[in-house]
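**Student:** Here it is, the structure, as structure tokens.
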Amino acid sequence: MLKLLACIFMLLDHIGFYFDAMLPPSIVMLLRTVGRLAFPIFAWHVARGYSRTRKVHIYFLRMAAFAIVSEFIIRYANSLAGYNLPGTNVLVTFALSIVLLAGYQMARYSWRDMVAGLRPVTAANGTAPIKPVARFNVRVNLGGIELDPRVGLPLGTLMMFLALLTAIWLQPDYDVYGMLTVLFFYIAIDKHDDVEWEKRIWRLLIPLNLLYMIYRIINIPGIAAWAVIQLFSLLAIPLCLLKPNDKKPPAWAKYAFYLFYPLHILALAGIKFLLS
11 MLKLLACIFM LLDHIGFYFD AMLPPSIVML LRTVGRLAFP IFAWHVARGY
61 SRTRKVHIYF LRMAAFAIVS EFIIRYANSL AGYNLPGTNV LVTFALSIVL
111 LAGYQMARYS WRDMVAGLRP VTAANGTAPI KPVARFNVRV NLGGIELDPR
161 VGLPLGTLMM FLALLTAIWL QPDYDVYGML TVLFFYIAID KHDDVEWEKR
211 IWRLLIPLNL LYMIYRIINI PGIAAWAVIQ LFSLLAIPLC LLKPNDKKPP
261 AWAKYAFYLF YPLHILALAG IKFLLS
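Oh and the sequence shown: position 67 is 77 in the working numbering, straight run, nothing missing.
Rendered as structure tokens:
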């Protein structure tokens with residue numbers, strides 16, 4: 011239900027984008043503002059999906075495959091609508107976010123892969139054993155990453171760096187800001203009770219969005235209003251936390267968004283082409 015709501019928000023946002031010249035400016039502003047609620051909800055689902063999956067590589071490959079297919083469809087759609095937009099689509103952002111999360115998890119939890127030593131107690135307190143007591147070494151893994159921290163920490167850090175660098179190069183929708191949104195959602199919920207989630211999410215996402223607004227105002231002249239509008243995305247946080255669902259979605263729901271995303275853009279662009 012939450013993802014369906016996000017799809018509706020996204021549709022309204024893209025109606026405002028593709029038909030901006032045909033609609034009153036106030037309507038366009040309203041549609042684009044409501045559309046700001048879509049991305050955080052999808053980012054939330056990526057973070058939750060990563061925390062639930064046991065096959066991260068499959069999750070990444072599926073997201074990357076749909077990102078590539080969507081890119082061809084969206085580029086064709088934009089050509090119909092008369093747009094030549096730089097960068098790539100938001101599924102690229104989510105695919106790179108999965109790499110970012112994997113690197114973060116590896117860097118943070120590999121140090122918890124350790125060896126604990128067990129030694130049997132003696133027969134009586136204070137008495138020294140006649141023979142040396144055998145020591146039993148047991149591998150203890152508290153973080154779920156079975157990797158030497160001397161390898162895991164630098165490798166995980168490198169993965170995070172390369173994911174962010176790739177985003178700067180490919181310029182997907184929401185780019186580094188979008189990836190950090192997914193990461194902060196994950197950090198907020200990772201190994202914490204759900205009663206703590208809301209407080210932790212607000213503490214992470216409010217500073218991120220304020221910094222993103224300031225960055226856009228300084229570096230992209232003439233879009234101050236749009237930079238401020240992005241702050242409305244924070245209103246999606248209560249929606250994400252209304253009813254956390256730990257059940258895996260059915261197969262049709264899992265793939266519905268991947269199909270809806272490029273196809274609704276193609277439909278809107280086609281309508282604009284016919285009307286122009």
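Note that CB positions come from ideal geometry on N, CA and C, so glycine has one too.
None of the values given here were measured: they were computed from a predicted structure.
Using 7 Å as the limit for Cβ to Cβ distance, is residue 243 near chain D?
**Tutor:** In the structure shown, chain D cannot be found, because there is only a single protein chain.
**Student:** Assuming residue 11 contacts residue 106 under a Cβ cut-off of 8 Å, what Cβ separation, rounded to an integer in Å, is found between them?
**Tutor:** Not a contact, Cβ separation roughly 27 Å.
**Student:** Taking the continuous alpha helix (DSSP H) assigned at residue 46, which residues delimit it?
**Tutor:** Looking at the DSSP string, residue 46 is not in any alpha helix (DSSP H), and its letter there is neither H nor E.
**Student:** For a test of the three-state rule: what should DSSP assign to residue 159, helix, strand or coil?
**Tutor:** Three-state result, residue 159: helix.
**Student:** Across which residues does DSSP place residue 167 in a beta bridge pair?
**Tutor:** DSSP lists no partner for residue 167.
**Student:** For residue 171, which option in 221, 108, 224, 222 has the closest C-alpha, if you only look at C-alpha atoms?
**Tutor:** Considering only alpha carbons, the answer is 108.
**Student:** Hey, residue 266 and residue 91: beta-carbon distance below 7 Å or not?
**Tutor:** The answer is no: Cβ separation not under 7 Å.
**Student:** Can the beta-carbon of residue 212 be found less than 7 Å from the beta-carbon of residue 199?
**Tutor:** Cβ atoms of residue 212 and residue 199: not closer than 7 Å.
**Student:** Near residue 175, what residues of its chain come up, given a Cβ to Cβ distance below 7 Å and the 5 sequence neighbours on each side ignored?
**Tutor:** Nothing meets the Cβ criterion.
**Student:** Can we say the stretch 74-89 touches the stretch 269-277, given the rule of at least three CB pairs closer than 8 Å?
**Tutor:** A contact exists between the stretch 74-89 and the stretch 269-277.
**Student:** Using DSSP with H/G/I as helix, E/B as strand and the rest coil, what is residue 103?
**Tutor:** If DSSP states are grouped into helix, strand and coil, residue 103 belongs with the helices.
**Student:** So, with DSSP's three-state summary, where would you put residue 98?
**Tutor:** Correct three-state label for residue 98: strand.
**Student:** Whole angstroms are fine: how far does the CA of residue 194 sit from the CA of residue 66?
**Tutor:** If I take the Cα positions, the gap works out to 18 Å.
**Student:** Flag this pair as touching only if the stretch 68-78 and the stretch 44-53 have three or more C-beta atom pairs under 8 Å; answer yes or no.
**Tutor:** Short answer: they don't touch.
**Student:** Where does residue 152 sit, in a helix, a strand or coil, going by DSSP?
**Tutor:** Low confidence applies here, because residue 152 scores a pLDDT of 46, under 50, leaving its location unreliable; read the following figure in that light. Coil, per DSSP.
**Student:** Is the beta carbon of residue 113 less than 7 Å from the beta carbon of residue 162?
**Tutor:** No, the Cβ-Cβ distance between residue 113 and residue 162 is not below 7 Å.
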